[in-house]
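Oh and the sequence shown: position 23 is 23 in UniProt numbering, straight run, nothing missing.
Cβ coordinates follow ideal geometry from the N, Cα and C atoms, glycine included.
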Amino acid sequence: MSKYSSKIAESRAPSPISNRFNVRAYIHKIAALAFLDPNSALNDFESLC
């Protein structure tokens with residue numbers, strides 16, 4: 001039980017590695033969108049900055 005709850009706490013804790021991964025995934029998503037719809041991808045990127 002304590003193992004399980006500590007895992008949940010770890011997953012909810014904001015760690016630099018997961019944040020970096022999320023930003024990376026977001027950038028990849030925008031890059032993929034850029035091929036399909038350049039204008040919306042550009043708007044996404046501008047709203048992020």
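Sequence-distant residues of its chain with Cβ nearer than 7 Å to residue i (five each side left out)
i, result
"residue 19", "none"
Expected contact under 8 Å - CB spacing of residue i and residue j to nearest Å
i, j, result
"residue 27", "residue 44", "No, residue 27 and residue 44 are not in contact; Cβ-Cβ is about 10 Å, not under 8 Å."
Nearest-angstrom Cα separation, counted from residue j out to residue i
i, j, result
"residue 39", "residue 32", "12 Å"
"residue 24", "residue 46", "16 Å"
Cutoff 8 Å; reference residue i; Cβ partners in own chain excluding five residues on either side
i, result
"residue 36", "none"
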